[in-house]
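Read through the structure below, which is laid out as structure tokens, and then see the notes.
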Amino acid sequence: MGIVQKIFYFHVPSAYAMYLGAAACFVGSLGYLLRPTDVRDALARAGAEIAVVFGAIVLTTGPLWAAKAWGYYWTWDPRLTTSLLSVLIYVAYMVLRAFGGDGTGERRFAAALGVLGAANLPIIHFSVQKWSGQHPTVVTGRGGGLQHPDMKLALGLAFVAFTCFVVALLWARVRLGVAEHRLARAEEDAIDLGLDTRSEA
Amino acid sequence: MRNLLLEPVTPSAQPETASPPDRATAFQPVQGGGEHRNGAMLMVEAYVVLWVVLMAWLLLLWRRQRGLVQRLDDLERTIDRAAEKAARPASGA
């Protein structure tokens, strides 16, 4: 396959990072539905953004690799289709949060979407093994296509690097989300106290 | 010219005998596939996509944080003005 195979070392970790973001969105959303707090809402929103960002990377780098490996940029393969569906779900979450307002009802609706969206993750993961298609199963318990130990080392290091990267991004984004919530409440309090002449949004 | 972007999966475009374990360990070329591109250029494009998407998101986060800082500055100014107004009648009495 040649040098294009190197895409593997950030295509697969990007998919893993998308899973991490989606899992964070699920945890935050479920926690928010059980007991609403700003941190849980911020975690859900941060997880959805990370899922979209890394999902976009997966859905772009994959077809670039496929152009060489398969001769086509895209096929409606189960893995590709379910991955696209997952990204669209989290894009819908972000659009809802961006344009649907920031009230309690809107947050709960988005949290429900965040919980349901996670149901697609095991479907993506097992789609290759259960259904026929073009996408290979590389990382399996039996070793799959990682024949050379250097490949395993490189992929393992990539997974570690992307894990640390996603955790750092989540932390930074959650802090930003919590700060936004606190500031919005402070602005509302200022209006209620008559300190600010602007009306409430 | 064939449309390489959206090509439906057809039986002729798939290896007919490849099971999932076979696909995991062997390169299975598509039969009747389209024109192949330069692999090195594709890899470079993939790296560019990775960096552009990540940098774009970080830029959006930076702009969001800057907006937050501006709102915070506005709020602090509002509070300072209110505090001055509250202090003036007491000093003028």
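Here the protein sequences come in this chain order: G and D.
Quick note: the first sequence uses my numbering, first residue -18, plus one each step.
Quick note: the second sequence uses my numbering, first residue -6, plus one each step.
Ideal Cβ positions, reconstructed from N, Cα and C, are used throughout, including at glycine.
Assuming residue i and residue j make a contact with CB atoms under 8 Å, what is their CB distance in whole Å?
i	j	result
G:Ala25	G:Ser67	Not really, about 15 Å apart at Cβ, beyond 8 Å.
D:Leu47	G:Thr42	Going by Cβ atoms, the distance from D:Leu47 to G:Thr42 rounds to 12 Å, so no, they are not a contact pair.
G:Ala27	G:Gly158	6 Å
G:Ala73	G:Val155	So it is not a contact: roughly 21 Å between Cβ atoms.
G:Leu176	D:Thr71	5 Å
G:Tyr(-10)	G:Ala135	6 Å
Quick check on the burial criterion: 16 or more other C-beta atoms within 10 angstroms. Buried or exposed for residue i?
i	result
G:Thr85	exposed
D:Met34	exposed
G:Pro17	exposed
G:Leu94	buried
G:Trp46	buried
G:Ala79	exposed
G:Arg138	According to the sequence as given, residue 138 of chain G is Leu; it is not Arg. So G:Leu138 counts as exposed.
G:Ala50	buried
G:Gly52	buried
G:Ser30	Residue 30 of chain G is actually Glu in this sequence, not Ser. Classification of G:Glu30: buried, given that the 10 Å Cβ count is 16 or more.
G:Leu97	exposed
D:Ser59	Here residue 59 of chain D turns out to be Arg, not Ser, going by the sequence shown. D:Arg59 comes out exposed.
G:Arg210	Since the first residue of chain G shown is -18 and the last is 182, residue 210 of chain G is not available in this structure.
G:Pro117	buried
G:Gly81	exposed
Is there a Cβ of chain D sitting closer than 7 Å to that of residue i, yes or no?
i	result
G:Val141	no
G:Lys133	no
G:Ile105	no
G:Phe(-9)	yes
G:Gly28	no
G:Ser2	First, the amino acid is wrong: residue 2 of chain G is Gly here, not Ser. No, G:Gly2 lies away from the interface with chain D (no Cβ there is under 7 Å from its Cβ).
G:Ile70	no
G:Leu176	yes
G:Leu138	no
G:Ile38	yes
G:Thr42	yes
G:Leu164	yes
G:Gly(-17)	yes
G:Val34	yes
G:Ile172	no
G:Leu65	no
Is the Cβ of residue i closer than 7 Å to any Cβ of chain G?
i	result
D:Arg64	yes
D:Gly60	no
D:Trp50	yes
D:Arg30	yes
D:Val45	no
D:Val37	no
D:Val42	yes
Considering only the beta carbon of each residue, do residue i and residue j sit closer than 7 Å?
i	j	result
G:Ala32	G:Leu151	no
G:Thr56	G:Gln115	yes
G:Pro44	G:Trp112	no
G:Ala99	G:Phe7	yes
G:Leu164	G:Ala92	no
G:Ile(-12)	D:Ala39	yes
G:Ala149	D:Arg30	no
Can you grab the Cα-Cα spacing for the pair residue i / residue j, in whole Å?
i	j	result
G:Met132	G:Leu1	22 Å
G:Phe107	G:Gly12	26 Å
G:Tyr71	G:Arg88	14 Å
G:Gln(-14)	G:Ser64	20 Å
D:Leu68	G:Gly36	37 Å
D:Leu61	G:Phe90	25 Å
G:Val(-7)	G:Ser10	26 Å
G:Leu40	D:Lys78	57 Å
G:His129	G:Gly(-17)	15 Å
G:Ser(-5)	D:Asp73	47 Å
D:Leu65	G:Ala153	18 Å
D:Val41	G:Val34	14 Å
G:Val76	G:Ala160	20 Å
D:Ala6	D:Leu52	Residue placement at D:Ala6 is poorly supported in this model, since its pLDDT is 45, which falls under 50; the coordinates still yield a value, given next. Their backbone Cα atoms lie some 41 Å apart in a straight line.
G:Tyr54	G:Ile172	54 Å
G:Ala182	G:Asp83	Interpretation of G:Ala182 is limited by its pLDDT of 46, a score under 50 that renders its predicted location unreliable; the figure taken from the coordinates is listed afterwards. Their backbone Cα atoms lie some 10 Å apart in a straight line.
D:Arg56	G:Val147	20 Å
G:Cys145	G:Leu102	21 Å
G:Ile104	D:Gln63	44 Å
D:Met36	G:Leu69	25 Å
G:His162	G:Asp170	12 Å
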